[in-house]
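Okay, so here's the structure we're looking at.
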Amino acid sequence: MSGVKKISRQLLLTWYNQMRMACVRAISWWIRPRYPSNSTPSNPVPMSTAVGPCPAINSLSSCNMPETHKLPVQHLNNGACPKCITIRDTYPGFNAPLWVWFSDFQKLHPEFHMSCAGRGKIDQNALFARHATKASWGHSAHNFNCAFDSFVLVPGKEDIYPVEWYNSVLAPALPAWISWLGRPGSPFPELPHLEILAWVELRRSNLVQLVE
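Dropping the structure here:
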């Protein structure tokens, strides 16, 4: 009987490894340039435009970005926010499928924005030194262009991290391959943070590169 259990465990482990690698291969197929560096999502949803400074960056309340990234910022609630594109391009090579999902979601919910995306060595180590992150350079999905921090810009409302919005609007729209660290029970709770679930496997397989 113990032999049968041992075989069952081995079969289960083999199946798990095969499924994990299948996911890695599927994601890696998507990882290639699929947009011009200055492109915008096509056919943005016509909505009333809300304009405002990005409080997440200016107050360092979300990404805790260093002074080098505190740019004059304005985000537009037009379904194709040009500032989000600028943030995406802060470091070249932001993960293509993650951007495709973000831009498609932003068309439907123009109030959803990006406060930071890729993060290089100097930025990551600066954040780590002042305990703004628990990850040193090379140990964060941001360092591989596989993550972004978000916020919600609703005209007339000061709360840029509305928990109810994240739970009722964002959570149901997330595909299985995106991990949201704001989920209840997250081992590293961080409401604004989204990343590719298999980024560690992609890194080990050399399918993503460190942001310098």
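So the number in the numbering used here is just where the residue sits in the sequence shown, counting from 1, plus 84.
Cβ coordinates follow ideal geometry from the N, Cα and C atoms, glycine included.
Note that the structure is a prediction, hence the values are computed from the model and not measured.
- With fewer than 16 neighbouring CB atoms inside 10 Å of its own CB, Q293 falls in the exposed class.
- When DSSP states are grouped into helix, strand and coil, H197 belongs to the strand group.
- DSSP places H277 within a strand segment (E or B) once states are collapsed to three.
- Check the Cα spacing between C165 and each of G177, L192, L275 and P181: the tightest is with L192.
- Counting every other CB atom within 10 Å of its CB across the protein chains shown gives F272 a total below 16, marking it as exposed.
- In the structure shown, W264 adopts extended strand secondary structure according to DSSP, grouped into three states.
- When secondary structure is reduced to three states using DSSP, D173 falls in the coil class, being assigned neither helix nor strand.
- Look at V238 here: in three-state DSSP terms it is coil, with no helix or strand label.
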